[in-house]
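Working notes, beginning with the structure itself.
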Amino acid sequence: MTQSFYPPQRTLMGPGPSDVSPRVLGALARPTIGHLDPLFVKLMDEIKELLQFAMRTQNELTLPVSAPGSAGMEACFVNLICPGDTVIVCQNGVFGGRMKENVERCGGNAVMVEDDWGSPVSVDKVREAFARHPQASILAFVHAETSTGVRSDAAALCALATEHGALSIVDAVTSLGGIEVSVDDWGADAVYSGTQKCLSCIPGISPVTFSPRAVERIENRAHKVQSWFLDMQLVMGYWGGSAKRAYHHTAPVNDLYALHESLVMLQEEGLEAAWARHLRNHRALVAGLEAMGLSMAVAPEYRLPQLNSVCIPEGVDDAAVRTALLQDFDLEIGAGLGALAGKTWRIGLMGYASSERNVLRCLNALEAVLEKQGAGIRTGAALDAVRDSLAA
Ligand SMILES: *Cc1c(COP(=O)(O)O)cnc(C)c1O
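Written as structure tokens, this is what we have:
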């Protein structure tokens, strides 16, 4: 007979999913109610308001797509692109490549603006791309590139799109909850995120928001959206403000309890306090890693506090280290991706996982494993460096 599945208690310090708060796990186990139950409808309204708070927007069309971040990405592209549209896509890591794929599947022409993996999107290159392609109707970029740990200047990029009469699509999957995401101040038009990175929630839901300009473009589309499930005109009938909600799909009821709880936690902590916590723990981790003699892969001014790319020391067996961390310490960190595969580790400090306890746990485990590997690191210095950093 197949037995029930009981996962071990891991510490998730990779690129996501990250540790889920026990409060959120508790919310998941509450009794399921009908998705058109008046109490559930009230919960949906609260989630919408909480998402507006978290994303710093007044956008009416703000809701959680019932699927992971990739579906939120797709929702933005399929609703805003019509065949033949020119879309400027910035790529400085894995996720920009997925944006290109989305544009092409919508029948759009992707104009690529490429930057090195580990560097931010160049605002100047985007300006040049608009000059060469004045017909471009959309600019798409990743705010927090999880594959490299780099932050790009979302405010400047959104402003550039607006200046050229284009809409902006922003990937804020890894940024939301960890660093500032100010949709209205930026003038961003379509922003999607995910629940499993800095929101301390389970994977599988994707908050999205669309500006009034974006909604207008959706309402005036000449082509039907190619996806039935993600067609915002239909989803709006379910999540929209009208008194009568039409059945579209069955919302993942318990998952939304979880999202609600995680957003209530974010509200209790405060957005600025959450960003400050991510920054403080990031600085402590970097201080510890550098005290061990390891170096960071990204320049300090572009580093994401929630995703730390560390250079793998010469001669160290990447996979063996990650396996030892998982098997001996129940600790998950991420491998490098694409151009950085085998060259970096990605250490996440996301949401509930961004804690002093996890910083210390990770440094202790890494020190033990690297020493055993004969990596030539400095031992015994990391904890003092962490203490100094946290006291500063
Ligand atoms: C994780 C991630 C996604 C995809 O989210 P899923 O929930 O895995 O579908 C998209 N963009 C970025 C930047 C991410 O980090």
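So the sequence shown is residues 64 to 455, counted in this note's numbering.
Positions of the beta carbon are idealized from the N, C-alpha and C atoms, including for glycine.
Cutoff 8 Å; reference residue i; Cβ partners in own chain excluding five residues on either side
i, result
"M451", "Residue identity differs from the one stated: residue 451 is Asp in this sequence, not Met. Around D451: A350."
"C169", "F140, V141, I144, C145, P146, D148, Q289"
"L426", "L348, G351, L352, M355, A445, L446, V449"
"V422", "N344, A347, L348, G351, L412, V449"
"P127", "I110, L114, T258, I268, S269, P270, V271, L319, L322"
"H196", "T149, I151, V174"
"V104", "R308"
"L394", "R73, T74, M76, L388, R424, C425, A428"
Helix, strand or coil at residue i [DSSP, three-state]
i, result
"V373", "strand"
"N142", "helix"
"I268", "coil"
"C452", "The residue asked about is misnamed: residue 452 is Ser in this sequence, not Cys. In the structure shown, S452 sits in a helix (DSSP, three-state: H, G or I)."
"M359", "strand"
"G77", "coil"
"I232", "strand"
"C153", "strand"
"P275", "helix"
"I242", "strand"
"I110", "helix"
"R284", "coil"
"R119", "coil"
"G135", "helix"
"A402", "helix"
"R214", "strand"
"R424", "helix"
"L99", "coil"
Same chain, Cβ closer than 7 Å to residue i, five either side skipped, listed in chain order
i, result
"P78", "T209, L370, G397, R409, G411"
"A219", "V186"
"D247", "R119, T120, Q121"
"R284", "C145"
Proximity below 7 Å, CB of residue i to CB of residue j
i, j, result
"L329", "A90", "no"
"I201", "W338", "no"
"N122", "S358", "no"
"L367", "V157", "no"
"Q154", "M175", "yes"
"Y365", "P183", "yes"
"T298", "H311", "Checking the sequence, you will find Val at residue 298 rather than Thr. Taking 7 Å as the Cβ cut-off, V298 and H311 qualify as a contacting pair."
"H98", "A314", "yes"
"L388", "A428", "yes"
"V384", "V432", "yes"
"A416", "S81", "yes"
Enclosing beta strand (DSSP E) for residue i [first to last residue]
i, result
"F204", "201-205"
"P85", "Note, P85: premise wrong, no beta strand (DSSP E); alpha helix (DSSP H) at 85-91."
"P127", "124-128"
Unbroken alpha helix (DSSP H) run spanning residue i, endpoints
i, result
"C221", "217-226"
"M162", "157-168"
"W291", "Element bounds for W291: n/a, residue is neither H nor E."
"T253", "It should be pointed out that residue 253 corresponds to Ala in this sequence rather than to Thr. Here A253 belongs to no alpha helix (DSSP H); instead the beta strand (DSSP E) covers 253-255."
"T386", "381-392"
"R441", "Run containing R441: none; DSSP gives neither H nor E here."
"G411", "Run containing G411: none in the alpha helix (DSSP H); it sits in the beta strand (DSSP E), 407-411."
"E353", "334-354"
Cut-off 6 Å between Cβ atoms - residues of its own chain near residue i, not counting five sequence neighbours on either side
i, result
"Q115", "T125"
"V278", "L124"
"S325", "V87, L262, S263, C264"
"G135", "V128, Y255, S269, V271"
"D252", "L230, S231, S274, R276, A277"
"V213", "P183, V361, Y365"
"I281", "N142, M295"
"A438", "P376, V379"
Below-7 Å beta-carbon distance, residue i vs any chain C residue
i, result
"A337", "Among the chains of the structure shown, chain C does not appear; only one protein chain is present."
* Scan the region 168-196 and note each continuous alpha helix (DSSP H) run of 4 residues or more that stays entirely inside, going in chain order. => 186-195
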